[in-house]
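The sequence shown begins at 1 in the UniProt record's numbering and counts up one residue at a time.
First the structure, in the form of structure tokens, and then the observations on it.
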Amino acid sequence: MTEASGAGGLRLRDVQVRFDGLVALDGVDLDVAPGQVVGVIGPNGAGKTTLFNVICGLQRPQRGTLTFEDRPLRPRPHRLTRLGIARTLQGVGLFGGLSVLDNVVTGASVTARTSVAAALFGLPRAGREERQLREAARALLDELDIAGYAHALPATLPYAVGKRVALARALVSRPRLLLLDEPAGGLSQAEVEELAGLITALPQRDGCAVLLVEHHMDLVMKVCDRVTVLDFGRVIASGQPGDIAHDPAVIEAYLGEAVTT
1 MTEASGAGGL
11 RLRDVQVRFD
21 GLVALDGVDL
31 DVAPGQVVGV
41 IGPNGAGKTT
51 LFNVICGLQR
61 PQRGTLTFED
71 RPLRPRPHRL
81 TRLGIARTLQ
91 GVGLFGGLSV
101 LDNVVTGASV
111 TARTSVAAAL
121 FGLPRAGREE
131 RQLREAARAL
141 LDELDIAGYA
151 HALPATLPYA
161 VGKRVALARA
171 LVSRPRLLLL
181 DEPAGGLSQA
191 EVEELAGLIT
201 ALPQRDGCAV
211 LLVEHHMDLV
221 MKVCDRVTVL
231 DFGRVIASGQ
241 PGDIAHDPAV
251 IEAYLGEAVT
261 T
């Protein structure tokens, strides 16, 4: 884990989202600095998914501001990677008809500069970019120790391998902010330990900032520099993992008992 500070990164201030009178997010403040891993935890219905949807542009807040790299963030889901933001989904979410390699390539395709015409007519520039994308995808598969599955279809993959493919697809665009949505869900304890090593290494990628929503507390306490706790849409605690693990309000609302860090 790292201690990161300074300009840039993601900043939310006083973010509020309401659904027909139900307050999903109520005045939420959140910071994720470059090179940091920040966790968001809380009971079901606390607002974690809504928070991710706001950052991704799937949900507009009624109040509050978002900035990324010191600029106002007004995200559109289909343009996230152009902004330097990538997200994994709960579960796996791979394209069933594409090979593992092609699934990873799709994560970078929207950032490629090749025009549609160049790609359609097979112009040299399109071919060069396609080769570069596939080389980057192969390198990530090798880095995540799943290169042997490059030509396999998602339905044939062990679940933990599918999770790594989804991570590779998010990383291939070289995001400066990576949103991880319950990456440990469905993994064994040994697989969670391996995932912890992968997440801990992510900030070394050009100072990548990581925002992690997760229920697996061992993972949260191991990889996060800071943790924010939501309950009924409000931030009830924010701080270092050791402090959060023993916070009375957090124990009452979510943990049930103090967590060993």
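Virtual Cβ for every residue (Gly too), placed ideally from N, Cα, C.
Provide the residue(s) that pair with residue 181 in DSSP beta bridges, ordered along the chain. 213
I need the straight-line Cα distance from residue 83 to residue 235, nearest angstrom please. 27 Å
Express the C-alpha separation of residue 140 and residue 149 in angstroms, rounding to a whole number. 12 Å
Collapsed DSSP secondary structure at residue 95 in the structure displayed: Secondary structure at residue 95: coil, using DSSP grouped into helix, strand and coil.
Hey, would you say residue 29 sits closer than 8 Å to residue 10, going by beta carbons? Their beta carbons are not under 8 Å apart, which means residue 29 does not touch residue 10 by this criterion.
For the pair the stretch 158 to 178 and the stretch 94 to 108, tell me if three or more CB-CB distances fall below 8 Å. yes
Pairing CB atoms from the stretch 45 to 60 with CB atoms from the stretch 84 to 91, are three or more of them under 8 Å? yes
So, helix, strand or coil for residue 88, using DSSP? coil
Going by the beta-carbon positions, is the gap between residue 24 and residue 65 smaller than 8 Å? Here residue 24 is not near residue 65, since their CB atoms are 8 Å or more apart.
On the three-pair Cβ rule with 8 Å, is the stretch 89 to 105 touching the stretch 70 to 79? no
Tell me which residue opens and which closes the alpha helix (DSSP H) that residue 279 is part of. Limits of the chain in this structure are 1 at one end and 261 at the other, which puts residue 279 out of reach.
Just list the alpha helix (DSSP H) runs in the stretch 36 to 73, keeping only unbroken ones of 4 residues or longer that don't cross its boundaries, in chain order. 48 to 56
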